[in-house]
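Asker: One line per chain: the protein sequences are A and R, in this order. For the first sequence, the working numbering assigns the number 144 to the initial residue and increments by one for each residue that follows. For the second sequence, the working numbering assigns the number 3 to the initial residue and increments by one for each residue that follows. Ideal Cβ positions, reconstructed from N, Cα and C, are used throughout, including at glycine. Just so we're clear, the structure is a prediction, and the values are computed from it rather than from any experiment. The following block contains the structure, expressed as structure tokens.
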Amino acid sequence: MSAPQPAPGTPLLEATGITKRYGQYTALDDVDLRIETGRTVSIVGESGSGKSTLARIIVGLERADSGTVRFRGEAIRGRRSRHAFRRSVGMVFQDPYESMDPRLTIGEIVAEPLRAHGMYRDGGKERVRELLDSVGMHGAEPDAYPHKFSGGQRQRVCIARALATDPDLVICDEPTSALDVSVQAQILNLLLDLQSRRQLAYLFITHDLDVVRRISDEVDVLLRGTVVERGTAEQITRSPEHTYTQRLLGAVPAISPRQRHIGPPLDIDTPAPRPPHDAKEDPA
Amino acid sequence: MSTVPVTPPTATAPVATAASGPRPDQPRPAARATARTAGRRLWLTGLCLLGFLVVLALCTPLAGSPYTIHTDSLTSQGLPAGVGENGHLLGTDAIGRDLFARTLFGLRATLIIALTANLTSVALGAVVGLVAGFYRGWFEQVLMRIVDVFLSVPTVLSGLALASIVGRGTTGIIIVVTALYWAWTARLVHGETVRLRGRGFVEAALAHGVRRHTALRRHVLPHLSTILLNVAALNGAAVVVVGAGLSYLGAGIQPPTPELGNMLADGSSSMTYAPHTLFVPLVLVIATVLAFVLVAEGLNRRNPLSERRSWLDA
Chain A
144 MSAPQPAPGT PLLEATGITK RYGQYTALDD VDLRIETGRT VSIVGESGSG
194 KSTLARIIVG LERADSGTVR FRGEAIRGRR SRHAFRRSVG MVFQDPYESM
244 DPRLTIGEIV AEPLRAHGMY RDGGKERVRE LLDSVGMHGA EPDAYPHKFS
294 GGQRQRVCIA RALATDPDLV ICDEPTSALD VSVQAQILNL LLDLQSRRQL
344 AYLFITHDLD VVRRISDEVD VLLRGTVVER GTAEQITRSP EHTYTQRLLG
394 AVPAISPRQR HIGPPLDIDT PAPRPPHDAK EDPA
Chain R
3 MSTVPVTPPT ATAPVATAAS GPRPDQPRPA ARATARTAGR RLWLTGLCLL
53 GFLVVLALCT PLAGSPYTIH TDSLTSQGLP AGVGENGHLL GTDAIGRDLF
103 ARTLFGLRAT LIIALTANLT SVALGAVVGL VAGFYRGWFE QVLMRIVDVF
153 LSVPTVLSGL ALASIVGRGT TGIIIVVTAL YWAWTARLVH GETVRLRGRG
203 FVEAALAHGV RRHTALRRHV LPHLSTILLN VAALNGAAVV VVGAGLSYLG
253 AGIQPPTPEL GNMLADGSSS MTYAPHTLFV PLVLVIATVL AFVLVAEGLN
303 RRNPLSERRS WLDA
């Protein structure tokens, strides 16, 4: 049914040497990434560190200047392999208000990946219902339009869409950061629950370290387009090695002010960013 | 449990409103509703006017036998309008042809040109704008530079020049007007398409394997319907003027065949002794333009095609 099994030990997804520049600005510089089946890899970093760009490159919304993405050992190159790859990958975006077409019903939205891969014709309607049920949207009419739903409900619908083609990997680009705190927890629980039921691998893009602690197996810390630290969630959160990671963890709000330790401003031991006009003004 | 306390409605109503208090968002839906009904009145008026003109133009064959458009008469030149008298409802023009029949035929010619040229120019512009805006790449640059060229030429002058190349019949003038006007739609649609292409729901569709042309059809085109309708209405007004204008200048429909534009030209030379020969076609040109403008203005205030006006359109 599926493609021939790759050699054992091949990761589900492997990106090597991903580099992306926008003019003078380097968004990603030779980034590697490995995701094993059923595992969760988180990418953390501050705004502008290239997290989302990496996700967009993997799914093919943007083209890398160099580097390859391999899925089950096969390089994704060209239109056909990308289309096949997208069947095995779902994506949940940050803003559930933006990522759904307001002129389509939620049923149509969830069915969209099925249609795109020719899977709708037999039993598509039942499949859509099933998907909506599986994300906790019991009793939601597939004929309803997205504007009737709250942010959390919309994000559930988005998750249902991401799961429509029964993917092995779901890329979550800050899926909780546009939601209320109470709803964030529900969505995270849902994602964890789905992972245990479906053997999903997650690529989780976030800047929220509490979320990282909750959900990830491995963590990549991204700073200005380079991975500065990589390890298990335990290692990273308990004993971060890189100064940047330590600062990042220190910036997490704590219940008691005494537990908080926000260090001096960053950029002591890290190179300054490279905005083009600064580079020109610098006499060196 | 289900016993409803019977209280006079006059007593409860003010209490209920006082309890809920004036919600800050209350005046807004009301204001929007008025704007909507006002808009609806406008575009309905425009549409009725346009419909009336079309029906009038379709009645042309009925004006046939007593009122013929080509029969001139030396004894009945420039007759004033008068019901029943000598059989000429709107009088005759400078060489004795029945003005009523000529006006109807002229209106028909003008409407055929305006409606067809409007459709072709908006359609061409929409296709070019969509393709350039959605697929991007080098041919976006090529297409949009061509659009720039068409936008930069002066309308009437290049219209006259073009008409001398493609001919002066109905088809010729439709081609000329289309060539003069498609670029405006193209530029607008291009901009909107570029905006929509970057929207999250288009990217989400693409990320899940929806093919590009499907995404274009399903997620971009529906969001353009409002704009296209508005453009078509405004473009229609402009096209009426230019179509009639070219005929007025002698580059469009040629004299023995009536068209509102060349009837205006005839009328302006005989206006001193038979002013109705100028005013009748003039009123109809103005009415046609007004109809399109009313539709455009009304649509602008209220979009009748999508009841689901959402946050997206705000």
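Between which two residues does the alpha helix (DSSP H) containing Arg104/R stretch?
Answerer: Along the second sequence, one-based indexing puts residue 104/R at 102. That run of the alpha helix (DSSP H) goes Leu101 to Tyr137.
Asker: Report the option in Val362/A, Lys291/A, Gly279/A and Ile219/A whose CA atom is closest to the CA atom of Val184/A.
Answerer: Translated into positions along the first sequence, residue 184/A becomes position 41. Closest option to Val184/A, Cα to Cα, is Val362/A.
Asker: As a quick exercise: from Thr290/R, Arg147/R and Leu266/R, pick the residue whose alpha carbon is nearest that of Val57/R.
Answerer: Stepping through the second sequence from its first residue, residue 57/R is reached at position 55. Among Thr290/R, Arg147/R and Leu266/R, the Cα nearest to that of Val57/R is on Thr290/R.
Asker: Mind checking if Phe214/A is an interface residue toward chain R, Cβ cutoff 7 angstroms exclusive?
Answerer: Looking up residue 214/A in the first sequence gives position 71. No, because no Cβ of chain R sits closer than 7 angstroms to the Cβ of Phe214/A.
Asker: Counting only Cβ pairs nearer than 7 angstroms, list the residues of chain A close to Ala234/R.
Answerer: Taking the first residue of the second sequence as position 1, residue 234/R is located at position 232. Near Ala234/R there are no residues of chain A at all, since even the closest Cβ is about 20 angstroms away, more than 7 angstroms.
Asker: Using C-beta distances below 6 angstroms, list every residue in its chain close to Ile186/A, excluding the 5 sequence neighbours before and after it, in chain order.
Answerer: Position 43 of the first sequence, counted from the start, is the residue given in the question as residue 186/A. The answer, listed in chain order, is Lys194, Ile348, Asp363 and Leu365.
Asker: Given a cut-off of 7 angstroms, decide if Arg225/A and Gly203/A are closer than it, judged by their beta-carbon atoms.
Answerer: Within the first sequence, the letter at position 60 stands for residue 203/A. Within the first sequence, the letter at position 82 stands for residue 225/A. Against a cut-off of 7 angstroms, the Cβ pair of Arg225/A and Gly203/A comes out as a contact.
Asker: Please tell me whether Ala165/R and Ala111/R are closer than 7 angstroms, where the distance is taken between their beta carbons.
Answerer: Along the second sequence, read from residue 1 onward, the residue named residue 165/R stands at position 163. Along the second sequence, read from residue 1 onward, the residue named residue 111/R stands at position 109. Cβ atoms of Ala165/R and Ala111/R: not closer than 7 angstroms.
Asker: Give the range of the alpha helix (DSSP H) segment to which Thr157/R is assigned.
Answerer: Against the second sequence, residue 157/R aligns to sequence position 155. Looking at the DSSP string, the run of the alpha helix (DSSP H) that includes Thr157/R is Thr157 to Val168.
Asker: For chain D, check one thing: does any of its Cβ atoms lie closer than 7 angstroms to the Cβ of Leu176/A?
Answerer: Judged by its chain identifiers, the structure shown contains no chain D, and its protein chains are A and R.
Asker: Any idea what DSSP makes of Ala321/A, helix, strand or coil?
Answerer: For the purposes of this step, residue 321/A is identified with residue 178 of the first sequence, where counting begins at 1. Note: Ala321/A maps to coil in three-state DSSP.
Asker: Quick one: is Pro156/R near chain A, going by C-beta distance under 7 angstroms?
Answerer: Locating residue 156/R in the second sequence gives position 154, where the first residue counts as 1. It does not; no Cβ of chain A falls within 7 angstroms.
Asker: Does DSSP put Glu261/R in a helix, in a strand, or in coil?
Answerer: Indexing the second sequence from 1 puts residue 261/R at position 259. Here Glu261/R sits in coil by DSSP.
Asker: Using a Cβ-Cβ distance under 7 angstroms, would Ser185/A count as near chain R?
Answerer: The count along the first sequence starts at 1 and reaches residue 185/A at position 42. False, the Cβ-Cβ gap to chain R never drops below 7 angstroms.
Asker: Starting from Ser204/A, follow the alpha helix (DSSP H) in both directions and report where the run begins and ends.
Answerer: The residue given as residue 204/A occupies position 61 in the first sequence. The question names Ser, but residue 204/A is Leu in the sequence shown. Leu204/A -> no alpha helix (DSSP H), and no H or E assigned at all.
Asker: Under 9 angstroms between beta-carbons, which chain R residues line up against Gly233/A? List them in chain order, please.
Answerer: The residue you call residue 233/A lines up with position 90 of the first sequence. In chain order: Ala209 and His210.
Asker: Can the beta-carbon of Val278/A be found less than 7 angstroms from the beta-carbon of Ala303/A?
Answerer: Within the first sequence, residue 278/A is the residue found at index 135, counting from 1. Within the first sequence, residue 303/A is the residue found at index 160, counting from 1. Yes.
Asker: For Ser192/A versus Thr162/A, is the C-beta spacing smaller than 7 angstroms?
Answerer: Taking the first residue of the first sequence as 1, we reach residue 192/A at position 49. Taking the first residue of the first sequence as 1, we reach residue 162/A at position 19. No, the pair does not count as a contact, with Cβ atoms beyond the cut-off.
Asker: Note down, in chain order, every chain A residue with its Cβ under 7 angstroms from the Cβ of Pro224/R.
Answerer: Translated into the one-based positions of the second sequence, residue 224/R becomes position 222. Ordered by position in chain A, the residues that pass the 7 angstroms Cβ test against Pro224/R are Arg246.
Asker: Measuring from the CB of Thr172/R, is there a heavy atom of the ligand COA at a distance below 6 angstroms?
Answerer: Absent from the structure shown: the ligand COA. Ligands present: none.
Asker: Quick one: residues in its chain with C-beta nearer than 6 angstroms to the C-beta of Leu51/R, no 5 flanking neighbours on either side, listed in chain order?
Answerer: By 1-based counting over the second sequence, the position of residue 51/R is 49. These residues qualify, in order along the chain: Ala293.
Asker: Chain A partners of Phe136/R, CB-CB under 8 angstroms?
Answerer: The residue given as residue 136/R occupies position 134 in the second sequence. By Cβ distance, chain A contributes nothing, its closest Cβ being about 14 angstroms from Phe136/R, past 8 angstroms.
Asker: Confirm, please, whether the CB-CB distance from Thr211/A to Thr159/A is below 7 angstroms.
Answerer: Taking the first sequence and counting its residues from 1, one reaches residue 159/A at position 16. Taking the first sequence and counting its residues from 1, one reaches residue 211/A at position 68. Cβ distance < 7 angstroms, so Thr159/A and Thr211/A count as in contact.
Asker: Taking just the CA atoms, how far does Thr195/R sit from Ala427/A?
Answerer: Locating residue 427/A in the first sequence gives position 284, where the first residue counts as 1. Locating residue 195/R in the second sequence gives position 193, where the first residue counts as 1. Low confidence applies here, because Ala427/A scores a pLDDT of 41, under 50, leaving its location unreliable and the question unanswered by this model.
Asker: What residues in its chain sit with their C-beta under 6 angstroms from that of Glu317/A, if we drop five residues either side in the sequence?
Answerer: Your numbering for residue 317/A matches position 174 in the first sequence. If we look at Glu317/A and ignore the five residues flanking it on each side, its Cβ neighbours are Gln237, Ile348 and Thr349.
Asker: Let me see if you follow: with CB-CB separation under 7 angstroms, is Glu299/R close to chain A or not?
Answerer: Position 297 of the second sequence, counted from the start, is the residue given in the question as residue 299/R. Not one chain A Cβ lies under 7 angstroms of Glu299/R.
Asker: Decide if Arg340/A is buried, meaning its Cβ has at least 16 other Cβ atoms within 10 Å, or exposed.
Answerer: Working through the first sequence from its first residue, we reach residue 340/A at position 197. Arg340/A should be labelled exposed.
Asker: Could one say the Cβ of Phe347/A lies closer than 7 angstroms to chain R's Cβ atoms, at least one of them?
Answerer: Your numbering for residue 347/A matches position 204 in the first sequence. Not closer than 7 angstroms to any Cβ of chain R, the Cβ of Phe347/A fails to qualify, so no.
Asker: To the nearest angstrom, report how far apart Gly267/A and Leu306/A are at their CA atoms.
Answerer: As a first step, residue 267/A is located in the first sequence; it is residue number 124 there, counting from the start. As a first step, residue 306/A is located in the first sequence; it is residue number 163 there, counting from the start. In a straight line, the C-alpha of Gly267/A is about 13 angstroms away from that of Leu306/A.
Asker: Please tell me whether Ile249/A and Pro310/A are closer than 7 angstroms, where the distance is taken between their beta carbons.
Answerer: Reading the first sequence from its first residue, position 106 is the one you call residue 249/A. Reading the first sequence from its first residue, position 167 is the one you call residue 310/A. Contact flag unset, no.
Asker: Give the single residue among Val241/R, Pro260/R, Gly200/R and His215/R whose Cα lies nearest to the Cα of Arg199/A.
Answerer: By 1-based counting over the first sequence, the position of residue 199/A is 56. Measuring from the Cα of Arg199/A, the nearest candidate turns out to be Gly200/R.
Asker: Going by DSSP, what residue range makes up the alpha helix (DSSP H) through Lys268/A?
Answerer: By 1-based counting over the first sequence, the position of residue 268/A is 125. Start and end: Gly267 to Ser277.
Asker: Check whether the Cβ of Phe203/R lies closer than 7 angstroms to any Cβ atom in chain A.
Answerer: The count along the second sequence starts at 1 and reaches residue 203/R at position 201. Output row for Phe203/R: interface = yes.
Asker: Over what stretch of residues does the beta strand (DSSP E) that includes Val364/A continue unbroken?
Answerer: Looking up residue 364/A in the first sequence gives position 221. That run of the beta strand (DSSP E) goes Glu361 to Leu366.
Asker: Roughly how many angstroms lie between the CA atoms of Leu153/R and Ser249/R, to the nearest whole one?
Answerer: Taking the second sequence and counting its residues from 1, the one referred to as residue 153/R is at position 151. Taking the second sequence and counting its residues from 1, the one referred to as residue 249/R is at position 247. Straight-line Cα distance between these residues: approximately 22 angstroms.
Asker: Just the chain R side, please: which residues come within less than 8 angstroms of Arg242/A by C-beta, in chain order?
Answerer: Taking the first residue of the first sequence as 1, we reach residue 242/A at position 99. Note on identity: in this sequence residue 242/A is Ser, with Arg being the wrong assignment. In chain order: Gly202, Phe203, Glu205 and Ala206.
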